[in-house]
Structures are given as structure tokens and as C-alpha cells.
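Counting in our numbering, the sequence shown runs from 12 upward without gaps.
Quick notes on the structure that follows.
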Amino acid sequence: MSAVQSDLPRRTAEMARIVHGEPTVALTAEVVVGLAVSLVSGCDAAGVSLVRKGRVTTVASSHDWCAAGDRWQYEEGEGPCLEAMERHEFLIESTDLRAEVRWPRWTPRVVDELGVRSMLSYRLFTSTSLVGALNLYSLTPDAFTTEDHAEGLILAGQGALALSSSEKIENLQLAMDRRTTIGQAQGLLMERFDLDSQQAFDVLVRLSRDSNSKLFDVAQSIVSTRRLPAQPVPRGS
Numbered sequence: 012m013s014a015v016q017s018d019l020p021r022r023t024a025e026m027a028r029i030v031h032g033e034p035t036v037a038l039t040a041e042v043v044v045g046l047a048v049s050l051v052s053g054c055d056a057a058g059v060s061l062v063r064k065g066r067v068t069t070v071a072s073s074h075d076w077c078a079a080g081d082r083w084q085y086e087e088g089e090g091p092c093l094e095a096m097e098r099h100e101f102l103i104e105s106t107d108l109r110a111e112v113r114w115p116r117w118t119p120r121v122v123d124e125l126g127v128r129s130m131l132s133y134r135l136f137t138s139t140s141l142v143g144a145l146n147l148y149s150l151t152p153d154a155f156t157t158e159d160h161a162e163g164l165i166l167a168g169q170g171a172l173a174l175s176s177s178e179k180i181e182n183l184q185l186a187m188d189r190r191t192t193i194g195q196a197q198g199l200l201m202e203r204f205d206l207d208s209q210q211a212f213d214v215l216v217r218l219s220r221d222s223n224s225k226l227f228d229v230a231q232s233i234v235s236t237r238r239l240p241a242q243p244v245p246r247g248s
């Protein structure tokens, strides 16, 4: 049994404590890539790719050249990151990209322009959703050991849960902020036109419909500009 495997409970607990400590997706992803470079001996650079609204984007990378390697996968529509997500594999590995045949457009580019020689891509997922992928790059062929594989797997598992949790917190905060903005717009309409809360909300709905805009966008415009419609509804009694 390897050192990592024998110390699995402690390592998992340590990583969980570190990666679950950040409040946003961006900060969580930065912690994950930092840990990857620090803890996985064969890793020279790391990036986190997330799936958002059907698109894959890199939200954190340890180096600019690593971000370029990720971006070229999205542009070419192939590579270990995309394959890990599409094939539902825990891990996609290439021990020598110079001899790699699976990704004929992407591979020559990262080898010739970036000097990347081996790579690990871990699928980031929870029990209910695909989160993205953790991509580990090395400038050395056959760089990743069995211990590296195990270390990366622990980090990917904890990272996926932390990223999913951070995204839920961000979405909740966004929803709260939007409700606050709509409430502020209602308050302005109520004060200006002597309306009750429901009448003010109905005005926002009508303005949204008439302008073919989202209700939040209408409310945000009213709050930020303090410019109100001349006479939206009859004044309240």
C-alpha cells in the first residue's frame, strides 16, 4: 500500500478542510489548482474547467500556458479534459503526448507550442451533476506516479463538492441580491406614485413586458438611474 493510500483518511480530511473554506467558485478553484501543483509531484501546472450553461470555461489556472492548453481543447473540441467529461471517466491520462493519437488537432499544438508531455484530467462531479474537470499538466513524459493518481483523485473529489457548494452559495446570494433590487424598485414606485406593494410590482411586470426586458433588468435600471415612468398607474387611494 502506498503512503498516500495508507494515509487516505487524514489526507481527505485535510483537503476537505482547505478547499471548503472559500465562499466563491473562483476562490475555491484557485485553492484547488494551488493544491494540485503543491501536492501532486509530477504536476507543473493545473487548471479547473467548469461547465456553465452548457459551455466549458477555465475558471482558474496556475499558469498562463496551462490556461492556453485548456482553451485550445475547447476551440478544437477535443482533448483529455473534454473526454473525461464526455466519457464519464474518473481519470483520463496521457503518459506521452508526443506519441498520443486520440486528439490529433489539440496534441501537436500543446506539445510543440507549450512543451507539455504528459497529462491527467479528472472528471469533477457530484451525485447529481457534472461540475467540470481538473487538468494537471507536466512538461515531463510519464511524470505521474501511482501516488500522484491517488492524490489527484482525493483532490478532485473534494474539489468537486466544494465547487458545487460554492456555486450554490453564489446563486443564492445572486437571488437574494435580485430580490433586494426588485424590492427597492417597488419602494421607489410606491413613494413616487402612492402605490401599494402589489400595484408597484404590477407596474414592474408591465414595464418588463412592454420593453421586452427581464423584470430584474427593469428594476435595476430604476434603482440605478432613479428615473421612473411618468405615470405608470392611477395613484393609490
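Here a beta-carbon is modelled for each residue, glycine too, at the ideal position from N, C-alpha and C.
Computed from a predicted structure; not experimentally measured.
Enumerate in chain order the residues of its own chain whose CB-to-CB distance from residue i is below 8 Å, with the five nearest sequence positions on each side excluded.
i    : result
L150 : D55, G126, V127, R128
V48  : C54, D55, A56, A57, S73
V234 : T192, Q195, A196, L199
V36  : L61, V70, L174, S177, E178, E181
V229 : A196, L215, L218, S219, S222
Alpha carbons only, please: which of the options is nearest the one belonging to residue i?
i    : options              : result
A71  : P91, L174, M201      : L174
L141 : V44, G168, S208, L38 : G168
F101 : L145, R120, L38      : L145
E94  : A110, G143, V44, L46 : G143
V51  : E178, L183, G163     : G163
R66  : L46, L200, Y85, C77  : Y85
L108 : M130, R98, R116, V59 : M130
T139 : R120, E158, S176     : S176
So residue i packs on residue j, CB below 8 Å; how close in whole Å?
i    : j    : result
T156 : G88  : So it is not a contact: roughly 31 Å between Cβ atoms.
M11  : R134 : As displayed, the chain neither begins before 12 nor continues past 248, which places residue 11 out of reach and without an answer.
A196 : L166 : At roughly 44 Å, the Cβ-Cβ gap does not stay under 8 Å, so A196 and L166 are not in contact.
F227 : R203 : About 20 Å separates the two Cβ atoms, so there is no contact after all.
T106 : D153 : 5 Å
I29  : V42  : 6 Å
Excluding the five sequence neighbours on either side, which residues of its own chain have a C-beta within less than 7 Å of the C-beta of residue i, listed in chain order?
i    : result
R220 : none
L172 : T137
D81  : G58, S60, T69, S72, C92, N146
W114 : E89, G90
Mind checking who residue i pairs with in its DSSP beta bridge?
i    : result
Y133 : L102, L145
D66  : For the record, residue 66 in the displayed sequence is Arg; it is not Asp. Answer is R63.
G58  : S72, N146
Within 7 Å: the Cβ of residue i and any heavy atom of the ligand MN?
i    : result
L145 : The model on display carries no ligand, and the ligand MN is accordingly not part of it.
For residue i, collect the residues of the same chain with a Cβ closer than 6 Å to its Cβ; drop the 5 residues on either side in sequence, then sort them by chain order.
i    : result
C92  : S60, Q84, S132, A144, N146
Q231 : T192
M201 : A211
T118 : L108, E111
(request) Could you tell me which uninterrupted alpha helix (DSSP H) segments, each at least 4 residues in length, are contained entirely in the stretch 154-219, listed from first to last along the chain? (result) Along the length of the stretch 154-219, whole alpha helix (DSSP H) runs at least 4 residues long occupy 157-204, reported in chain order.
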